[in-house]
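Here's the structure, in structure tokens; my notes come after.
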Amino acid sequence: MDKELKTSASISTFTRWMVVAIISCGAYVVYLTYLARYSFYDQVIDGLKISNSQLGVLYGLYGTTATIAYFPGGVLADKVRVKYLATLGFAMSSILTFWYSTAPSYGQLKMIFLLFGLCTTFIFWGIRYKAIRLVSTEENYSTNIGISYGVVGVVGLVVSFISIGIFGKFADPAKGFKTVIMFYAIINAVFAVLSFIFIPKFADEFENTEKKKLDFSELGQALKHPGVWLTTLCMFFVYTIYTSLAYTVSFLTAIGATAAIASVVGTIRTYGTSLFSSPIVGKIAQKKKPSIMIIVCGVITAVSLTVLAVAPKKAEFIIPAVVLIIILSFFLNGAYGVTSSMFTETKVPAAIFGSASGILSVIGFVPDMFVSPVAGKWLDTYDTAGAYTRIFGVLAVSALLAVLCAYLVKVYAKKLEANEK
8 MDKELKTSAS ISTFTRWMVV AIISCGAYVV YLTYLARYSF YDQVIDGLKI
58 SNSQLGVLYG LYGTTATIAY FPGGVLADKV RVKYLATLGF AMSSILTFWY
108 STAPSYGQLK MIFLLFGLCT TFIFWGIRYK AIRLVSTEEN YSTNIGISYG
158 VVGVVGLVVS FISIGIFGKF ADPAKGFKTV IMFYAIINAV FAVLSFIFIP
208 KFADEFENTE KKKLDFSELG QALKHPGVWL TTLCMFFVYT IYTSLAYTVS
258 FLTAIGATAA IASVVGTIRT YGTSLFSSPI VGKIAQKKKP SIMIIVCGVI
308 TAVSLTVLAV APKKAEFIIP AVVLIIILSF FLNGAYGVTS SMFTETKVPA
358 AIFGSASGIL SVIGFVPDMF VSPVAGKWLD TYDTAGAYTR IFGVLAVSAL
408 LAVLCAYLVK VYAKKLEANE K
């Protein structure tokens, strides 16, 4: 590969879209084991032979490690090349996933989830937004990040349906679960190789190409930028909903849907909707501003969640519930896909995107620490109506708070535009 440093203007079209494809796929692939519960909640519980509360604890441990790692991970992304961090992140995820496939003890599962937090957030996540920014201009970042999440949808949809097919070939759920997880480990290994081969070295990865020691100057600049904080708060509320939608799968089975139907709906909800929503919302956001699209998407999400919260939790509600889940997923995935675009709307420089992403992640993804333990506790404590009314009611409030944050971004961006005139 050409050793010359590249920029968004000098890279070939092939290289640009290879980077977008690898990083976008990575946003799903490196999290395959973590994301399994979103489409295969019941199979994960059965395969690992643990309770809802125990699964909640595992995800709480992951969230704790991830939260601690986001800040230094963002700084690391501004000091170490995207090429090397992507390769390392995929490789570590492959190793941990192979371990996970052995269906280890609950104690070992705790260790695996703690290490996954380091693998996915400290190493990989800091480059997730920065890599897309490096191959984009300030003007087309919203479009490219929308396409990126569309790629996530395509890959997620394909991998999930392959996983459903693998599960269907085994009468023993434990064997099916092990085979699927080994399949995930192999995919991660393949992407580690692709990252090393195809991701170039960029000239503008660092604020100063001569300065690569691990200091916190970029973090300091990011901490002072109002756009970073406004975007981060919006991500907190959007992600609270996003990480909780795994419970729509268990909700469907709780009111009478079969596990197979719930898994298909879960797969479409998680990946099928983002296949269309993220590129569409991203393209519109480039023309109408990301904050405006998040306001629209947030209002529709809030209405859908409110209906789910107050509706009767009975079998007759299965079809309306499926429709509402798909609707809210479409608009939520759209909002989630373009939230980081508010960095460009508020003029956050590319050189500190890694640190800005670290701030966004350490605060924006804090819900990973408490959502699963709380929801798991409610599911084990209350009946179906009591548990899901609480879950969906809290999520509806989160959607409205996300709308408020996006509105504040809109106001701040207008102020910046006025000052430039």
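Under the working numbering, the letters of the sequence shown match residues 8 to 428, in that order. Just so it is clear, CB atoms sit at the ideal spot from N, CA and C, and this is done for glycine as well. This structure is a prediction, so every number in the text was calculated from the model and none was measured.
First through last residue of the alpha helix (DSSP H) which encompasses residue i
i              : result
leucine 367    : 360-371
lysine 321     : Premise fails: lysine 321 is in no alpha helix (DSSP H) and is neither H nor E.
glycine 263    : Neither: glycine 263 is in no alpha helix (DSSP H) and is coded neither H nor E.
glutamate 352  : 349-352
valine 288     : 280-295
serine 112     : First-last for serine 112: undefined, no H or E at that position.
tryptophan 24  : 20-36
proline 79     : 59-84
valine 161     : 148-175
leucine 381    : Contrary to the premise, residue 381 reads as valine rather than leucine in this sequence. Start and end: 374-388.
isoleucine 134 : 133-141
valine 245     : 233-249
Residues sharing a beta bridge with residue i, DSSP
i                 : result
phenylalanine 209 : Lys13
Short Cβ contact (9 Å threshold) for residue i with residue j
i                 : j                 : result
glycine 63        : valine 369        : no
valine 36         : isoleucine 194    : yes
phenylalanine 184 : phenylalanine 174 : yes
isoleucine 359    : aspartate 49      : no
methionine 376    : threonine 40      : no
isoleucine 134    : leucine 92        : yes
valine 355        : glycine 234       : yes
valine 416        : leucine 230       : no
leucine 407       : glycine 305       : yes
serine 60         : glycine 341       : no
tyrosine 191      : serine 270        : no
glycine 365       : valine 245        : no
alanine 266       : threonine 353     : no
glycine 33        : threonine 150     : no
valine 142        : valine 26         : yes
valine 187        : valine 272        : no
Any C-beta of chain C under 9 Å from that of residue i
i           : result
glycine 163 : Among the protein chains of the structure shown there is no chain C, as only one such chain exists.
Whole-Å CB distance - residue i paired with residue j, under 8 Å assumed
i                : j             : result
alanine 367      : threonine 247 : The sequence shown places leucine at residue 367, not alanine. No, leucine 367 and threonine 247 are not in contact; Cβ-Cβ is about 14 Å, not under 8 Å.
serine 405       : valine 82     : Rounded, the Cβ-Cβ distance is 28 Å, inconsistent with contact.
alanine 110      : alanine 181   : 7 Å
phenylalanine 21 : tyrosine 69   : That belief does not hold up - the Cβ atoms of phenylalanine 21 and tyrosine 69 are roughly 36 Å apart, past 8 Å.
serine 379       : glycine 67    : 6 Å
Legend entry - Validate contact between the stretch 290-302 and the stretch 347-358 using beta carbons, cut 8 Å, 3 pairs: Three or more beta-carbon pairs separated by less than 8 Å link the stretch 290-302 to the stretch 347-358, which places the two stretches in contact.
Inset, instruction - For the stretch 306-319 and the stretch 396-406, state whether three or more C-beta atom pairs, one from each stretch, are separated by less than 8 Å. - result: Yes: the two stretches touch, three or more of their Cβ pairs being nearer than 8 Å.
Legend entry - Cβ pair count under 8 Å reaching 3, the stretch 27-46 against the stretch 243-262: Contact holds: three or more Cβ-Cβ distances are below 8 Å.
Legend entry - Any 3 or more C-beta pairs closer than 8 Å across the stretch 142-158 and the stretch 282-293: Of all C-beta pairs linking the stretch 142-158 to the stretch 282-293, three or more are shorter than 8 Å, placing the two stretches in contact.
Inset, instruction - Decide yes or no for the touch test of the stretch 109-128 against the stretch 13-26: beta carbon pairs closer than 8 Å, at least 3 of them. - result: With a cut-off of 8 Å, the stretch 13-26 and the stretch 109-128 do not count as touching, because too few Cβ pairs lie within range.
Inset, instruction - Check whether the stretch 377-395 touches the stretch 332-340, counting contact only when three or more Cβ pairs, one atom from each stretch, lie closer than 8 Å. - result: Contact between the stretch 377-395 and the stretch 332-340 is absent, because fewer than three Cβ pairs lie under 8 Å.
Legend entry - Cβ contact check for the stretch 260-280 and the stretch 405-418: 3 or more pairs under 8 Å: Contact between the stretch 260-280 and the stretch 405-418 is absent, because fewer than three Cβ pairs lie under 8 Å.
Inset, instruction - Would you check if the stretch 198-206 and the stretch 96-104 touch, i.e. whether three or more CB-CB distances between them fall below 8 Å? - result: By the C-beta criterion, the stretch 96-104 is judged to be in contact with the stretch 198-206, since at least 3 inter-stretch pairs fall below 8 Å.
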